[in-house]
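Colleague: Here it is, the structure, as structure tokens.
Number of protein chains: 2
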Amino acid sequence: MAQPIYPEYPPELSQARRQYLLTNLKDWSIAHGLAVRPAPAFVPSEQDPEFALATTAPVTLFPSLFPKSCFEEGLSIQTTYNKLYSAIASDEEWLKPIIEELLDIDSFVEDLWKVHLAVAKDGYVQDLTLGLFRSDYMVHIDSSSSPAVGIKQVEFNTIASSFGGLSSKVSALHQHLESIDAYPSHKDPLIPKGSGVQSSSVPLLATGLAAAHMAYGNSKESRPLCVLFIVQDPERNVFDQRHLEYELSSSHKVRVFRLPFRQILTDTKLDTDRTLLYHAPHDPDTSFEVTTVYFRAGYSPDEYNGEEDWSARLHMERSRAIKCPSVLTQLAGCKKIQQVLATPLSPHLTRFLPNRSEAERIEKTFAPIYPMDLSEAGREARKLASDSESASHYVLKPQREGGGNNIYRKAIPEFLRNTPESHWPAHILMEMIEPPAQKNIIFRNGELQKGGVICELGIYGVCLWKNSKPGGKSEILENWEAGYLLRTKGDQSEEGGVAAGFGAVDSCYLIDI
Amino acid sequence: MAQPIYPEYPPELSQARRQYLLTNLKDWSIAHGLAVRPAPAFVPSEQDPEFALATTAPVTLFPSLFPKSCFEEGLSIQTTYNKLYSAIASDEEWLKPIIEELLDIDSFVEDLWKVHLAVAKDGYVQDLTLGLFRSDYMVHIDSSSSPAVGIKQVEFNTIASSFGGLSSKVSALHQHLESIDAYPSHKDPLIPKGSGVQSSSVPLLATGLAAAHMAYGNSKESRPLCVLFIVQDPERNVFDQRHLEYELSSSHKVRVFRLPFRQILTDTKLDTDRTLLYHAPHDPDTSFEVTTVYFRAGYSPDEYNGEEDWSARLHMERSRAIKCPSVLTQLAGCKKIQQVLATPLSPHLTRFLPNRSEAERIEKTFAPIYPMDLSEAGREARKLASDSESASHYVLKPQREGGGNNIYRKAIPEFLRNTPESHWPAHILMEMIEPPAQKNIIFRNGELQKGGVICELGIYGVCLWKNSKPGGKSEILENWEAGYLLRTKGDQSEEGGVAAGFGAVDSCYLIDI
């Protein structure tokens, strides 16, 4: 880490300029909805029980530098990634043995799988699936390879890929700040004015939801149609989601309702043909037919607190609404799948991407990932992870989604000593990506934090596909790249989720290196 | 007051619908910058010293009902009002005796007048003036006249006419809430869906500033040009102003800086030809030439705390920048002028509006206003105001701007008994407008207030005029109506300024009555 590939950036700020920059940032962000509901540490919930306050979302003051070649590679392979994951999610035969290996050690995967089995038993009644994906990368420097700079995938998100709403806003913020000369002029010819990139994630993701809504077709009973956003309640990152909703309703004239996960069984029911009907509490006499269920909740084990929550998920999955994503698509995003694909010499990638050059470009973005099981690769991994010297190049990650609980480098051996060996296969061992360090200033909760940062590039992808019978070949109806997210965190922290309290949303200044 | 001319409105809200409406209102408003920095009563300033928090601006949950004929009359006479006030501001000869009457009793008017005299002595170097006006009305019911319903002017604002930014946003909010069926359907045929009116105040006011900027011409020294917003610091209503700035910079490519009133002398200077130069603290090496000074501060006596503040105002007035407004234009808006025009049988209106039908339409919007001096009309006023029965139809207002300190109805006689007679002429006596009452719900500081409300309609106007020598005839270069504001307050309160802590921004549902 911290290899100095970037020029001196950002330029120093005089006190007056920092004040000018910050005042403009704070006002522009609120005027344009680059906002979150404040964290309890900033505003205790008893002070604002109705969530009437808001604050600027955690953002960087400057766009961060990002190698242009890496950025363009990420964008250009996204449609191939969409193809790969839609194919995986459609291939129950291939998924089954991999998922079954996890059942005993990851009850969340087990419960999701049970939902799939229960629906498969009666038969799925909707053959379309929508993916709003995000593939996350870091720049990786390896002076022994050529080119020495490339992108390595951190993870592939198949459910609740967040920050598509705020991402469009933060790149517009940085462009505004540049347009009012809030940044001191930097003489470095590597960073000409106008190197910033606007992210079009809001219109591109909303168009994905609109495409699913259209593909669903009309209501046989002539009911009014809607899209449901399944959400957490309360949700501090609500404006991120609202920007997609507003785009969907204003540009595509699609009705959208937000339904808290806990209210699914109360407010929806299945018609005899498993059409999903929504009865809004404020308008109980109207029966809306749900074309598309967009999950911004239900992705993490701690959201399921018993049978009722799993019944709710099953209820959605059984329905005739298009799911974004289906349970199988969510499972396709689990880290075990990433590991299986990225295990050195794995034969799996070509099953889904028979075109050799496509498969090779994807493969180049994999950091080597090992299982922690008793396979040949797994035994090698256990050796690497137990020795503190070799472990220092690795991270140990739980298979399941949602961030948190990663074990880094020299902490791995001790963690394994305190964990029963039977639980080791619930993790994967991944070679650490060594990103270049740079500096930036993060504004969050009304305070500035200055220092070394590392950046994670997320590329959004939209994919709508048809899968007439599970195990059959999927047919892609829509497939496009959908803008980008740059998330930036202090280089002290090894976690990357802005919503979880670390890091900030950011945008890219592209540079040639 | 409280005559029931409106149908049953707004419809009752179930608890679930109120929740739905409010959640959507809170999220949409923050996502679109319909916001203010929170009041200290909501968030103590020590909790958020850097002003990082924001909250929904005080708004009504429903659009309020407004008679269509009244709304249209207000819009259609605005260009005549613009003509009237630009002519008044250009007619020093006419203004002089009226203002001089106030000098001994209103030190604020006196100080403003001194600024004008000082500049006039050396000669003005800018013959263009910009007005961003707002004419405020209430609906007045008088069953003895025909039609029984009309608008009466409350005041005419010639400086710092606020809420043009939020006004466009609140009408868009109400249209959004209607589009998602947040309002229960109302069966009354008087209020069909789609009766709401979008206010275009943001683009129309920004275009006014852009017109002045263009009319200023190029810098002789090829300096970069800018518009200065003179502002209070801190300013809770900052987003209202920012929306005009963002429109001006994005649609018209005009550079805008915000300059706190207190920083005028530090950050600006006059070149030898009185060109106004701005040196931004964050960029002290660049010399911006100011085309237009837009005052959102400096309108109220309590902003002037000594010689230095008056020097700052004089400094601006002497400059070659176009003022929005000039000191004479600000003085033209003082209540004494309104009173002179509206004194029954006054000959003044036709001096400025020789076209008889134009003058008559304007005159119809005047509520009778009496001076409190020793003229014939003034002696009549003193009689009316001292008797508690007759006083109950009147309001006693100070001559100067800024709201507050009005004395209503039966409180007038006692106020006069406790005020030396020599100070009486600092006030005017105005017949109370009797607006119809209706109901609405106001959301402010995270709380709902439900009850009877009265509404005040403000019509914005843009006027750019040329006045080659003071006293000469003015030539109008640009003149248009610029959208509307509806401000709504509880009918308990007799004050109308939302920023001062009473009332809310609102939009109109037009009805035929």
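Protein chains in written order, with full-length UniProt numbering: chain A, 1 to 513; chain B, 1 to 513.
We treat Cβ as the ideally placed atom computed from N, Cα and C, and that holds for glycine.
Verify whether the separation of the beta carbon atoms of A/A367 and A/P413 is less than 8 Å.
Modeller: no
Colleague: In the DSSP assignment, the alpha helix (DSSP H) including A/R382 goes from what residue to what residue?
Modeller: 376 to 386
Colleague: B/V59 versus chain A: which residues are under 7 Å apart at the beta carbon?
Modeller: By Cβ distance, chain A contributes nothing, its closest Cβ being about 11 Å from B/V59, past 7 Å.
Colleague: Alpha carbons only, please: which of B/L25, B/F51, B/A57 is nearest the one belonging to B/V36?
Modeller: B/A57
Colleague: Can you tell me where the alpha helix (DSSP H) holding B/W94 begins and where it ends?
Modeller: 92 to 102
Colleague: To the nearest angstrom, how far is the alpha carbon of A/V254 from that of A/H279?
Modeller: 17 Å
Colleague: Is B/G496 buried or exposed, if buried means 16 or more other CB atoms sit within 10 Å of its CB?
Modeller: Unreliable placement is indicated for B/G496, whose pLDDT of 42 sits below 50; the coordinate value is still reported in the next sentence. Per the 10 Å Cβ criterion, buried.
Colleague: Going straight from the alpha carbon of B/V453 to that of B/M138, what length do you get?
Modeller: For B/V453 and B/M138, the distance between alpha carbons rounds to 12 Å.
Colleague: For A/Q47, which option in B/G451, B/G446, B/L510 has the closest C-alpha, if you only look at C-alpha atoms?
Modeller: B/G446
Colleague: Could you tell me the alpha carbon to alpha carbon distance between B/S200 and B/K169, rounded to whole angstroms?
Modeller: 9 Å
Colleague: Please look up how many angstroms separate the CB atoms of B/I141 and B/E434, rounded, as I've assumed it's under 8 Å.
Modeller: 6 Å
Colleague: Counting only the same chain and skipping the five closest in sequence on each side, list residues whose C-beta sits under 7 Å from that of B/T158.
Modeller: Y85, G131, F133, P325, T329, Q330, A332, G333
Colleague: Could you name each continuous beta strand (DSSP E) segment of 3 residues or more that falls completely within the stretch 25 to 104 of chain A, going from the start of the chain to the end?
Modeller: 53 to 56, 64 to 67
Colleague: Can you tell me whether A/M1 is buried or exposed, with buried defined as 16 or more other CB within 10 angstroms of its CB?
Modeller: In this predicted model, A/M1 has a pLDDT of only 45, less than 50, meaning its place in the structure is not dependable; the value taken from the coordinates is given anyway. Exposed, by the Cβ-count rule.
Colleague: Skipping 5 residues on each side, what residues in its chain have a beta carbon closer than 8 Å to that of A/P344?
Modeller: P368, A377
Colleague: How about B/A118 and B/L314: do their beta carbons lie closer than 8 Å?
Modeller: yes
Colleague: Report yes or no: is there a C-beta of chain A within less than 8 Å of the C-beta of B/G501?
Modeller: Reliability fails at B/G501, whose pLDDT of 44 lies under 50, so the model's placement of it is uncertain and no value is given.
Colleague: So if DSSP puts B/Q153 in a beta bridge, which residue, or which two residues, is it bridged to?
Modeller: B/Y137
Colleague: For residue 542 of chain B, which residues in the same chain have their Cβ closer than 7 Å to its Cβ, ignoring the five residues on either side in sequence?
Modeller: Outside the displayed range of chain B (1 to 513) lies residue 542 of chain B, so it cannot be described from this structure.
Colleague: Please tell me whether B/I191 has its Cβ less than 8 Å away from any Cβ of chain A.
Modeller: no
Colleague: What's the C-alpha gap between B/S287 and A/L209?
Modeller: 49 Å
Colleague: Quick one: is the Cβ of A/C70 within less than 7 Å of any heavy atom of the ligand NAP?
Modeller: No copy of the ligand NAP appears in this structure; indeed no ligand is present at all.
Colleague: Less than 8 Å separating the beta-carbons of A/S195 and A/Y484?
Modeller: no
Colleague: Who does B/Y394 pair with in a DSSP beta bridge?
Modeller: B/E431
Colleague: Could you pull out every unbroken beta strand (DSSP E) segment of at least 3 residues lying fully inside the stretch 232 to 297 of chain B, listed in chain order?
Modeller: 256 to 260, 268 to 270, 276 to 278, 288 to 295
Colleague: Give the residues from the stretch 275 to 287 of chain A that approach chain B closer than 9 Å (Cβ to any Cβ), ordered along the chain.
Modeller: A280, P281, H282, D283, P284, T286
Colleague: Can you find at least 3 beta carbon pairs, one from the stretch 186 to 193 of chain B and one from the stretch 473 to 483 of chain B, that sit closer than 8 Å?
Modeller: no
Colleague: Taking the DSSP output, what are the residues bridged to A/N440?
Modeller: A/G451
Colleague: Between B/H174 and chain A, is there a C-beta pair that is closer than 8 Å?
Modeller: no
Colleague: From what residue to what residue does the alpha helix (DSSP H) around B/E414 run?
Modeller: 412 to 417
Colleague: Whole angstroms are fine: how far does the CA of B/L61 sit from the CA of B/L244?
Modeller: In this structure, the straight-line span from the alpha carbon of B/L244 to that of B/L61 is close to 24 Å.
Colleague: Going by Cα to Cα distance, which pick from A/E358, A/M430, A/K364, A/D373 is closest to A/A391?
Modeller: The option with the nearest alpha carbon to A/A391 is A/M430.
Colleague: Between the stretch 36 to 59 of chain B and chain A, which residues of the former have CB atoms less than 9 Å from a CB of the latter, in chain order?
Modeller: R37, P38, F42, V43, Q47, D48, P49, E50, F51, A52, L53, A54, T55, T56
Colleague: Can you grab the Cα-Cα spacing for the pair A/H227 / A/F156, in whole Å?
Modeller: Per the sequence shown, the amino acid found at residue 227 of chain A is Val instead of His. Each residue's alpha carbon lies about 24 Å from the other.
Colleague: Expressed to the nearest angstrom, what Euclidean distance is found between the alpha-carbon atoms of A/I99 and A/V109?
Modeller: 7 Å
Colleague: Hey, does residue 517 of chain A have any beta-carbon neighbour from chain B nearer than 8 Å?
Modeller: In the structure displayed, chain A extends from 1 to 513; residue 517 of chain A sits before or after that span and is not available.
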